[in-house]
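Enquirer: Dropping the structure in here first, questions after.
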Amino acid sequence: MPEQKVVDIDYLLLEAPRERKFITGAQAMAEAVKRANVDMAIAYPITPQSEVMHLVGDLYAQGYLKDYYRAEEEYGTMSAIAGASRAGVRVFTATSGPGLLRGIEAIASWPGHRVPAVLGVLTRVVNAPLSIQPDNIELAYLLHSGIILLHAENQQDVFDMTLAAFAISEMVDVYIPVAVATEGFFVTHAKGYVNMTPEDMKLPPRDPYKAPVPVTDCEVPPARIQRDAPVQKSNFMSYLIHAVWQQEVWASNMRAMKYIYKYLGGPIEVVNPDADVFVVASGCAAAQGREAVRYAQQEGLNVGLVKIKSIRPFPAKEVREALKNAKAAIIPEHNIEGWLSKEVKAAIPNSGIVTDGPRVYGGMTLPVELIMEEIYKSLGIKKEKKVVI
Amino acid sequence: MGLRYVQPAPGFKEYLPKDYVDLIDFGPFGKEVDVQHLGDFKEILEEHPMCAGCWMAYFVRVFYASLPNPEDTIVLGTAGCARLALSQAAVPFIYGNYGDTNAVASGLTRALKIRFPDKTKDVVVVAGDGGLMDIGFSMTMHSWFRKEKFTTIMVDNEVYGNTGGQESGMSPKGVQLKMAPKGKKFEKIPATELAKQAGCVYVVKLSPTSVKRTAKVIRRAILAARHFGPTFIHAYTSCNIEYSIPTEEVLKDAREREKKDFGFEEYMTDEVREFFEEIEKKKEVKK
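Residue numbers (the working numbering), protein chains in the order written: chain A, 1 to 389; chain B, 1001 to 1287.
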């Protein structure tokens, strides 16, 4: 393990030199953890997440982390993450599909506990029937939890978003967890080029006293900390405290937006802003959308891409602005429900321009041709279908 | 730092609530109080909303008076009656989710070790039979298998008291309770046997009829957990409401159960026994 020197957050994320490596998404997530000065990680196996936590285990064995263990199951993992974070250390874990759902009671309580943890979500099918293939329906369950949710398109995004997640989650005016999601297998198990910050530089350690709520370590007043279970005070107090607390959690979620601008270049990326037709997508679907834009441009069609990087906070204003003159918005997704489509439609006044889909699920790939078909339809272009045998 | 953080900064004391100032001046922080003198000192727990005659409330009161290091103690609880009192006490308390105490305590204890390798920070779970032996069973067991260094105290009222009197895994066989309309079909879960098998280094089963002995085992459990591994106390703390025990007969019931199936049992590893003998010897020398 090389000696790592602590550097300023802004320097590491924005200015430090970068070296290009050809690595998997799982490796990219672990490489970010390596540079994030993480104190402790807790692991529990599930495909396709396991490899991330194997690699983080190796980091622990090499001395990058101070503690690491394999927990009993995801509810235990996510609960222990909360305990460790409340004692003031920087923590990381990752999970997938059914594991996320098993841990979700604890995860959904992290924002309320004001736990600045970072969670990797390497998506897969949610049973039943059993499948281990990529599908991002699980992210729908995170949308209402209060957690900040970033969706990575590729290995580079995984690295950048994971490293930035540690910084964002611990900002005093945020101080809630950040989930970094990407499609299992398509990104976790495939290699891509990643520009990475130097291995011998890391984020400053977590300062547990730079916090909007006190850590539970018997070192800081007030001596009597009771930020839980207001229910026993009185029903009236209970309603009031809980209501105000939830408002604050969601306000914190919105306040993360300025850091998403600062460290990730904003919550959306727009390609060809003057296009007539836009592909609006997040995660892996954005990569296919990007290809569709390239195909379309080769055919002389005026098509653009709106890639949504931050699902929570949702960039409603930015999406509205990007689509204000659009004639059509095609929303390809890796799930049957179309959670992104619903978000976009709720955010724009001209929701009639939205095409719901194409959607693939259960582990199917998303061929660019499916997106192209919708582009042709929206432009009134009739293409003969070629059947290749 | 523990002691310093409970003490008000100079100049602030006169503006603090009397209750808090009394805790500093007459409470157990930074000194060793004798639990048999309950009433002579300001207690960590005074007011609580538990039922009249509640044996669990009495136990929790004794528990707080027995802490060897209250200024550096963190208590964890879960849903159930005990947390109604635990959350009113003057030491930090964590209420996470349902049955998660031993997982949260695992993370917390390890994190405190990372941050304060040379300081004593006691972590104690005080949770009910439902929390530890039903919904949180796997987390309880696995914290013991992993040899996590904190104390688990099960306040066993043999029922889900707080949710209205449902059967728990610790209810005695045959008892008719809500969700067991024809009576419970199986025996009480052998919690202390499981604890021993799972690797707890100090395990006690008791009906807390003697305040002195109760305080002693609580202190022992916390001290052993600091150095050796997980410790477990299984205390009978009856529910006088759901089991219809007249308030004035709660102590009598505790004594009867002590004779019947809650006789005092104390198990410890050789290592822990030697450790206690060493401490006792030092105390003798001091005297």
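Glycine is no exception: its CB is placed at the ideal position from the N, C-alpha and C atoms.
(1) Considering only C-alpha positions, which residue in the set A:A36, A:Q298, A:E291 and A:P273 is nearest to A:D160?
(2) Determine the burial state of A:I268: buried for a count of at least 16 other Cβ atoms within 10 Å of its Cβ, exposed for fewer.
(3) Hey, would you say the C-beta of A:A243 is under 7 Å away from at least one heavy atom of the ligand COA?
(4) From the DSSP output, read off the bridge partner residues of A:V180.
(5) Roughly how many angstroms separate the alpha carbons of A:I225 and B:V1104, rounded to a whole number?
(6) What residues in the stretch 42-55 of chain A bring their beta carbon closer than 8 Å to a beta carbon of chain B?
(7) What does a CB cutoff of less than 6 Å around A:P208 pick up in its chain, not counting 5 residues either side in sequence?
(8) Using a Cβ-Cβ cutoff of less than 7 Å, which residues in the same chain neighbour A:R102 once the five nearest sequence positions on both sides are dropped?
(9) Nearest CA to the CA of B:P1117: which residue from A:Q133, A:A322 and A:D67?
(10) If I follow the unbroken beta strand (DSSP E) through A:E19, where does it start and stop?
(11) Just checking, does the stretch 265-282 of chain A make contact with the stretch 308-319 of chain A on the three C-beta pairs under 8 Å criterion?
(12) How many angstroms separate the CA atom of A:S391 from the CA atom of A:P17?
(13) Please specify which runs of the beta strand (DSSP E), each continuous and at least 3 residues long, are wholly inside the stretch 241-302 of chain A, giving them in chain order.
(14) Could you work out which residue in A:A140, A:I42, A:K202 and A:N154 is closest to A:T24 when comparing CA atoms only?
(15) Should A:I46 go down as buried or exposed, given a rule of 16 or more other Cβ atoms within 10 Å for buried?
(16) Just how far apart, CA to CA, sit B:D1129 and B:E1271?
(17) So which of B:P1017, B:L1086, B:V1175 and B:D1072 has the shortest CA-CA distance to B:E1047?
(18) Using 8 Å as the limit for Cβ to Cβ distance, is B:S1106 near chain A?
(19) Report buried or exposed for A:Q156, applying the criterion of at least 16 other Cβ atoms within 10 angstroms of its Cβ.
(20) I need the boundaries of the beta strand (DSSP E) containing A:N195, first residue and last residue.
(21) Checking the sheet assignment: what are the DSSP bridge partners for A:I42?
(22) Would a C-beta distance cut-off of 8 Å place B:G1107 and A:I353 closer than the cut-off?
(23) Could you check if A:N127 is buried or exposed, using at least 16 other CB atoms within 10 Å of its CB as the buried criterion?
(24) Measuring only between beta-carbons, confirm whether B:G985 sits less than 8 Å from chain A.
(25) Would B:H1234 be called buried (16 or more neighbouring beta carbons within 10 Å of its own) or exposed?
(26) If A:G184 sits next to A:P134, beta carbons under 8 Å apart, how far is it from one beta carbon to the other, in whole angstroms?
(27) If you pair each beta-carbon of the stretch 1198-1214 of chain B with each one of the stretch 1252-1270 of chain B, do three or more pairs fall below 8 Å?
(28) Classify B:M1154: buried if its beta carbon has 16 or more other beta carbons within 10 angstroms, exposed otherwise.
(29) So A:S109 contacts chain B; which residues on that side make the cut at Cβ distance below 8 Å?
(30) Over what stretch of residues does the beta strand (DSSP E) that includes B:H1142 continue unbroken?
(31) For A:G357, does the three-state DSSP call read helix, strand or coil?
(32) In its own chain, which residues sit with a C-beta less than 7 Å from the C-beta of A:Y64, not counting the 5 before and 5 after it?
(33) So B:P1010 contacts chain A; which residues on that side make the cut at Cβ distance below 7 Å?
(34) Can you name the residues of chain A whose CB is closer than 7 Å to the CB of B:Y1005?
(35) Using a Cβ cut-off of 8 Å (strictly closer), state whether B:M1001 contacts chain A.
(36) Our contact map puts B:F1150 next to B:A1225 with C-beta atoms below 8 Å; I'd like the distance itself, whole angstroms only.
Expert: On the basis of the data shown:
(1) Checked all of A:A36, A:Q298, A:E291 and A:P273; the closest Cα to A:D160 is A:A36.
(2) Counting the other CB atoms within 10 Å of its CB gives A:I268 a total of 16 or more, which places it among the buried residues.
(3) Although the ligand COA was asked about, the structure shown includes no ligands whatsoever.
(4) A:V180 pairs with A:G120 and A:L150.
(5) Residue confidence is low: A:I225 scores 43 on pLDDT, short of 50, so the model does not pin down where it sits. Its coordinate-derived value is still stated next. About 16 Å.
(6) Considering only beta carbons, the part of the stretch 42-55 of chain A lying closer than 8 Å to chain B consists of I42, in chain order.
(7) Hits under 6 Å: G88 and V215.
(8) Excluding residues within five positions, the ones whose Cβ falls inside 7 Å are E73, E74 and Y75.
(9) When only C-alpha atoms are compared, the closest one is A:D67.
(10) In the DSSP assignment, A:E19 falls within the beta strand (DSSP E) that extends over E19 to T24.
(11) Contact between the stretch 265-282 of chain A and the stretch 308-319 of chain A is present, with at least three C-beta pairs closer than 8 Å.
(12) Outside the shown range of chain A, which is 1 to 389, sits residue 391 of chain A, and nothing can be said about it.
(13) If we require 3 residues or more, the beta strand (DSSP E) runs fully inside the stretch 241-302 of chain A come out as 268-271 and 277-281.
(14) Measuring from the Cα of A:T24, the nearest candidate turns out to be A:N154.
(15) Around the C-beta of A:I46, 16 or more other C-beta atoms lie within 10 Å, and the residue is accordingly described as buried.
(16) Rounded to the nearest angstrom, the two C-alpha atoms are 29 Å apart.
(17) With distances taken between Cα atoms, B:E1047 lies closest to B:L1086.
(18) It does; some Cβ of chain A falls within 8 Å.
(19) Classification of A:Q156: buried, given that the 10 Å Cβ count is 16 or more.
(20) Judged by DSSP secondary structure, A:N195 falls within the beta strand (DSSP E) whose first and last residues are K191 to M196.
(21) For A:I42, which the question treats as bridged, DSSP gives the partners A:Y69.
(22) No. Outside cutoff.
(23) Classification for A:N127: exposed.
(24) Shown here, chain B extends from 1001 to 1287; a query on residue 985 of chain B therefore has no answer.
(25) Buried, by the Cβ-count rule.
(26) About 5 Å separates the CB atoms of A:G184 and A:P134; that is less than 8 Å, so the two are in contact.
(27) The stretch 1198-1214 of chain B vs the stretch 1252-1270 of chain B: in contact.
(28) Burial call: buried.
(29) For A:S109, the residues of chain B that pass the 8 Å Cβ criterion are G1096 and N1097, in the order they occur in the chain.
(30) Note, B:H1142: premise wrong, no beta strand (DSSP E); alpha helix (DSSP H) at F1137 to F1145.
(31) Three-state result, A:G357: strand.
(32) Cβ within range, chain order: M1 and K34.
(33) Contact annotation for B:P1010 against chain A: no contact, minimum CB-CB distance about 14 Å [criterion: below 7 Å].
(34) At a C-beta separation below 7 Å, B:Y1005 has these neighbours in chain A: C218, E219, V220, P221 and A223.
(35) Residue placement at B:M1001 is poorly supported in this model, since its pLDDT is 49, which falls under 50; the coordinates still yield a value, given next. It does: the Cβ of B:M1001 has a partner Cβ on chain A nearer than 8 Å.
(36) The pair is a contact, with the Cβ atoms about 5 Å apart (cut-off 8 Å).
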